[in-house]
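Here's the structure we're looking at; comments come further down.
Protein chains in written order, with the numbering used here: chain X, 1 to 428; chain W, 429 to 581.
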């Protein structure tokens with residue numbers, strides 16, 4: 001029935017063979033927080049350390065050469081995964097840092113401009129003034145909200161947001177009123193980590209383009225799960241993390257339009273990101289090195305490149321179709337349980353596989369605890385999207401997220417587990 | 429099964445029928461504590477007992493999981509109209525019990541000894557402690573406030 005050979009895929013993930021809590025089979029439904037890693041990714045990282053390990057982009061010995069080539073080949077492969085040019089991809093610690101990098105480029109351009117300090121050509125686009133506006137949505141992960149709040153607090157810019165409809169979608173009617181000629185940045189998520197909603201990128205970016213704003217896309221929950229090419233969408237920056245797409249922790253990505261990256265002042269400064277240095281001042285390297293101060297995470301880049309290979313061998317269309325099938329099944333299974341309410345769209349149109357829900361009279365923590373006792377690992381809490389919880393008047397939610405190693409039996413286990421929680425707490 | 433060890437009947441009873449829930453009108457101190465990883469919240473007020481101002485009346489409003497709710501109900505039973513010294517002893521013992529460095533002492537914690545099963549789940553320990561940390565914060569504020577008021581006289 002499924003498009004993927006899940007049984008074969010599961011064999012590639014050593015952790016899926018372990019048991020949890022009283023010898024229960026592990027049913028991992030928390031890939032939205034972080035995915036598990038296949039052997040090929042683990043092997044790639046180990047192989048780098050065993051055979052090529054050296055600090056990249058410094059030194060001229062053979063290992064330094066090999067490590068640098070491996071690192072830059074990884075960059076090319078990962079960039080190619082989203083149809084991008086190699087040098088338009090910057091490695092960061094994670095997606096949060098990628099968004100902070102953009103926010104701090106605005107801040108640093110603004111501060112340097114006020115003091116008349118040297119700035120790259122074109123940096124004026126990154127200078128914010130009192131009353132300039134930054135637009136996000138009400139469904140953002142904290143990582144695409146708090147950095148903009150901070151930027152506003154430091155620059156006098158004003159944060160505005162696009163609201164949500166009762167059925168868990170962006171309220172596109174807000175676009176006309178929220179985005180104004182003062183809007184300098186529109187930053188929004190491609191797919192909500194809590195609601196599962198997939199947003200209409202073209203529609204939001206068109207509204208942003210109409211006023212000349214810079215468009216930032218948080219693709220943490222989309223790039224791991226669906227085909228995405230920078231040639232198909234009209235945005236300026238895309239941020240995402242490696243660990244949610246089978247890659248290792250400690251590496252994230254920022255893709256940016258070449259001319260914008262070139263006109264941005266650096267965020268973190270130090271070694272590697274310079275062109276010339278004297279005791280008085282420094283000039284900076286071209287992107288992407290300008291934004292990669294210090295010895296970078298070369299082993300993690302190589303491992304993330306292996307993750308890209310793994311996903312491409314499956315095919316992102318197949319990944320998306322597989323998850324769509326699981327999403328449909330999950331919505332159907334949960335909707336059939338009395339006392340369970342899905343937070344987010346209950347139709348499967350423009351919807352990813354994050355399914356959050358509340359169970360009447362049982363706090364999500366307690367739902368999660370019962371599921372955990374059955375080996376089912378879900379996320380509980382506010383999912384780093386507290387405003388979304390407030391919008392739908394729930395203190396927290398339980399969330400199941402799916403990936404290539406999940407199948408319909410996991411959906412059934414989830415539904416059965418929820419019923420057990422209801423029985424345990426006597427709520428149904 | 430571990431699950432039943434944490435969710436003992438006595439815990440579920442406090443959760444379903446909490447004691448003392450609801451905020452008093454007059455108070456000397458009010459605190460709002462949250463558990464930022466999961467959204468558990470409590471607003472806790474301390475009112476100094478007019479009959480003995482070293483004794484502290486407790487009222488609270490909260491939302492959250494069964495453990496955090498039950499723990500607040502138990503706190504009310506144990507610490508309402510008690511002194512700071514009695515309360516601090518209980519808080520310290522609860523922390524030590526949840527860190528598994530002290531055996532449960534019913535004389536100090538009453539029904540709170542039933543929270544011992546939470547120690548098996550490190551992620552839930554802060555749920556069990558939320559109300560007690562809020563109480564300690566509010567109690568110290570409530571006693572401090574009196575001192576400063578007297579100082580102004």
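Cβ coordinates follow ideal geometry from the N, Cα and C atoms, glycine included.
On a predicted model such as this, the values are computed, not experimentally measured, just so you know.
In this structure the segment 140-151 of chain X does not touch the segment 113-126 of chain X; the number of beta carbon pairs closer than 8 angstroms is below three. A distance below 7 angstroms between beta-carbons, with the five flanking residues on each side excluded, links residue 148 of chain X to the following residues of its chain, in chain order: 103, 134, 136, 159 and 187.
Sequence-distant partners of residue 165 of chain X (beyond 5 residues in either direction) whose C-beta falls short of 7 angstroms from its own C-beta, in its chain, are 171. Below the 9 angstroms Cβ cutoff, chain X contributes no neighbours of residue 569 of chain W, its closest Cβ being approximately 25 angstroms away.
Residue 437 of chain W: member of the alpha helix (DSSP H) spanning 437-444, first to last residue.
Classified as exposed, residue 529 of chain W has fewer than 16 neighbouring CB atoms from the shown chains inside 10 Å of its CB.
With 16 or more other CB atoms across the displayed protein chains lying within 10 angstroms of its CB, residue 521 of chain W is buried. Neighbours of residue 375 of chain X in chain W, taken as residues at a C-beta separation under 8 angstroms, are lacking, since the least C-beta distance is about 12 angstroms. In the pairwise beta carbon analysis, the segment 193-208 of chain X is classified as touching the segment 383-390 of chain X: at least three pairs are separated by under 8 angstroms. Residue-level contact check: residue 21 of chain X touches chain W, since one or more beta carbons of chain W fall below 8 angstroms from its beta carbon.
Neighbourhood of residue 220 of chain X in chain W, by CB distance below 7 angstroms: empty, with the nearest CB roughly 19 angstroms away. Counting along the chain, residue 489 of chain W sits inside the beta strand (DSSP E) bounded by residues 483-491.
Taking 8 angstroms as the CB threshold, residue 32 of chain X stays off the interface with chain W. Contact between residue 49 of chain X and residue 36 of chain X does not hold, since the beta-carbon distance rounds to 21 angstroms and is not under 8 angstroms.
In the DSSP assignment, no residue is bridged to residue 154 of chain X.
Residue 529 of chain W sits in coil when the DSSP states are folded into three classes, being neither helix nor strand. Contact check for residue 500 of chain W against residue 569 of chain W fails: the beta carbons are separated by 8 angstroms or more.
Of X:203, X:378 and X:325, the smallest CA-CA separation from residue 162 of chain X is found for X:203.
The segment 228-235 of chain X makes contact with the segment 77-88 of chain X: 3 or more CB pairs, one atom from each, lie closer than 8 angstroms. Burial is judged here by how many other beta carbons sit within 10 angstroms of a residue's own beta carbon; residue 61 of chain X has fewer than 16 and is exposed. When rounded, the separation of the alpha-carbon atoms in residue 490 of chain W and residue 13 of chain X is 42 angstroms.
Apart from sequence neighbours up to five positions away, the residues of its chain that approach residue 217 of chain X with a beta-carbon distance below 6 angstroms are 190, 235 and 238, ordered along the chain. Under the three-state reduction of DSSP, residue 376 of chain X is assigned to strand. Taking 8 angstroms as the cut-off, the beta carbon of residue 185 of chain X is found no closer than this to the beta carbon of residue 207 of chain X. Under the DSSP assignment, residue 389 of chain X falls outside any beta strand (DSSP E), being part of the alpha helix (DSSP H) whose first and last residues are 386-391. Excluding its 5 nearest sequence neighbours in each direction, residue 77 of chain X has C-beta neighbours in its own chain below 8 angstroms: 305, 308 and 309, listed in chain order. Against chain W, the CB of residue 142 of chain X has no partner CB under 8 angstroms away; the residue lies outside that interface.
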